[in-house]
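Engineer: Position 173 of the sequence shown, counting from 1, maps to 173 under full-length UniProt numbering, and the rest follow consecutively.
Positions of the beta carbon are idealized from the N, C-alpha and C atoms, including for glycine.
Handing you this structure, nothing more for now.
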Amino acid sequence: MNNREIDLEEETSTLFRTTSLTTTLMDQYMRSTGHEFLKHTVYDSIIRVMDGRQSCELNPSKLDSPSEACANAEHLLSVLDSIVESIFSSVEHCCRTLRYICHCLQKKVSSKWPHDPMVKTRVVSGFIFLRLLCPAILNPRQFNLISDTPSETASRSLILVAKCLQNLANLVEFGAKEPWMEVVNPFILKNKNRMIRFLDEIANVPEKPEPDDTFVGDPARDLATLHHICVMHKDDLLAQSTEKPILKKVITVTDMLSKHRQHYMDNAR
């Protein structure tokens, strides 16, 4: 399915950026298998932001006094330094099957866009950062990292941390649109090459791994979520089933489960 989406895409800048059946399934898979990775990469920094009183706010329009910007910038950069060290040293805690998928993605996009040397970096960052690490920082409760709701100050700080990390993952500095964020640019420049090496290392699993019997999830919840995804994207499944007949079985099972669910709901009333 990933290969099909790449085949249909014309521009690298929009690759996997829309919500489709493929990206929705990948999102769910990463959530199901990525908890240990998140604990080793972003958890400590999230707790640090939540437990501390120091803001990371840099936008002058959101500050009570311009003098706050210096201390806030120092705190933000300290959090960023800490979180990237955790991320860059946690490759082996990332699910090997996910890493193999990233390898396959790199191989496919490099074949389609051979003259774009950065496309294989961006395709991995688009999943690992845009769809896993940064969303977990923005909404740590949804990823079962915390149980308490972050304060307003902490929530805003987490937004800024995620924003800076995403720019680093995109290998893009802040510009004139947000001049107050330019203080982060030296951090981005300092870590660009490390980011590229990290993303390539994540994808450095060329052989399909054996199934991980140690994975512990919630099968009932995961199956319910998968059923919901298939229902929401049934038209896409139907369209792809002409090329991949096995998807017809997925549609049949989805319809069967939908009927069972409706029968259960009717009897429960």
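Classify residue 207 as buried or exposed, calling it buried when 16 or more other Cβ atoms lie within 10 Å of its own Cβ.
Structural biologist: exposed
Engineer: When you compare the stretch 167–175 with the stretch 183–198, are there three or more beta-carbon pairs, one atom per stretch, that lie closer than 8 Å?
Structural biologist: As far as the Cβ criterion goes, the stretch 167–175 touches the stretch 183–198, which means the pair count is three or higher.
Engineer: Taking residue 23 as part of the alpha helix (DSSP H), name the residues at either end of that continuous run.
Structural biologist: 21–33
Engineer: By Cβ distance below 8 Å, which residues in the same chain neighbour residue 160 in space, the five residues on each side in sequence not counted?
Structural biologist: If you ignore the 5 residues before and after residue 160, its C-beta comes within less than 8 Å of the C-beta of 56, 57, 58, 76, all in its own chain and listed in chain order.
Engineer: Buried or exposed for residue 214, going by 16 or more other Cβ atoms inside 10 Å?
Structural biologist: Residue placement at residue 214 is flagged as unreliable, the pLDDT there being 46, under the threshold of 50; the coordinate-derived value follows with that caveat. Exposed.
Engineer: Report buried or exposed for residue 162, applying the criterion of at least 16 other Cβ atoms within 10 angstroms of its Cβ.
Structural biologist: So residue 162 counts as buried.
Engineer: For residue 69, tell me which candidate among 157, 257, 96 has the shortest Cα-Cα distance.
Structural biologist: 157
Engineer: Whole-angstrom Cβ separation of residue 277 and residue 131, contact assumed at under 8 Å?
Structural biologist: There is simply no residue 277 to check, as the chain begins at 1 and stops at 269 in what is shown.
Engineer: With a cut-off of 8 Å on the beta carbons, I'd call residue 133 and residue 202 a contact; round off their distance for me.
Structural biologist: The pair is not a contact, with the Cβ atoms about 11 Å apart (cut-off 8 Å).
Engineer: For a test of the three-state rule: what should DSSP assign to residue 81, helix, strand or coil?
Structural biologist: helix
Engineer: Quick one: residues in its chain with C-beta nearer than 6 Å to the C-beta of residue 150, no 5 flanking neighbours on either side, listed in chain order?
Structural biologist: 50
Engineer: Tell me the DSSP secondary structure of residue 146 in three-state form.
Structural biologist: coil
Engineer: Taking all protein chains shown into account, do 16 or more other C-beta atoms lie within 10 angstroms of the C-beta of residue 136, making it buried, or fewer, making it exposed?
Structural biologist: buried
Engineer: Near residue 54, what residues of its chain come up, given a Cβ to Cβ distance below 6 Å and the 5 sequence neighbours on each side ignored?
Structural biologist: 75
Engineer: What distance in whole Å lies between the Cβ atoms of residue 145 and residue 38, which are believed to be in contact at a cut-off of 8 Å?
Structural biologist: 6 Å
Engineer: Assuming the contact rule is C-beta atoms closer than 8 Å, residue 189 and residue 173 should be a hit. Round their C-beta distance to whole Å, please.
Structural biologist: About 7 Å separates the beta carbon of residue 189 from that of residue 173, a gap short enough to meet the 8 Å contact definition.
Engineer: How many whole angstroms separate the CB atoms of residue 83 and residue 42, which I take to be in contact at a CB cut-off of 8 Å?
Structural biologist: 6 Å
Engineer: Spatial neighbours of residue 230 within its chain, please: CB distance less than 7 Å, with the 5 preceding and 5 following residues excluded, ordered by chain position.
Structural biologist: 237, 250, 254
Engineer: Given a cut-off of 9 Å on the beta-carbon distance, is the pair residue 103 and residue 40 in contact?
Structural biologist: no
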